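To start, the structure itself, in structure tokens.
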Amino acid sequence: MANMGTMEEWVVPADAKKMWPEVVGLSSEEAKKKIIEDRPDADVHILPPSRYIATMDYRSNRVRVLVDSRDKVIQTPSIG
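Residue numbers (numbering that gives the first Met the number 0): 0 to 79.
Written out as structure tokens, the structure is:
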């Protein structure tokens with residue numbers, strides 16, 4: 000069985016930031032920097048639309064950042 004981590008790793012403070020609308024239009028690196036600044040525990044995934052795959056698993060520290068062909072963020076990144 001895969002290690003699912005400890006309960007403490009799954010608990011996220013209620014006031015923790017979960018969405019970053021302010022990074023839409025920024026480059027992927029600028030967006031990642033801002034997200035990590037707000038949530039140092041974030042596991043940021045930069046994805047072009049052709050690579051985006053929705054999964055059924057929820058991760059309290061994963062942030063998917065969708066970018067266009069110019070490496071600009073095209074959708075509000077959020078936890079999940």
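For each residue, glycine too, the CB sits at the ideal point set by N, CA and C.
Since this is a predicted model, take the numbers as computed values, not measurements.
- For isoleucine 45, the uninterrupted beta strand (DSSP E) segment begins and ends at 42–46.
- Per the coordinates, the alpha-carbon of asparagine 60 lies some 20 Å from the alpha-carbon of proline 47.
- Collapsing the DSSP output to three states places lysine 31 in a helix.
- By alpha-carbon distance to glutamine 74, the top candidate from Glu21, Ala15 and Lys16 is Glu21.
- Judged by their CB atoms, methionine 18 and serine 68 are not nearer to each other than the 7 Å cut-off.
- In terms of Cβ geometry, isoleucine 45 and serine 27 form a close pair [threshold 7 Å].
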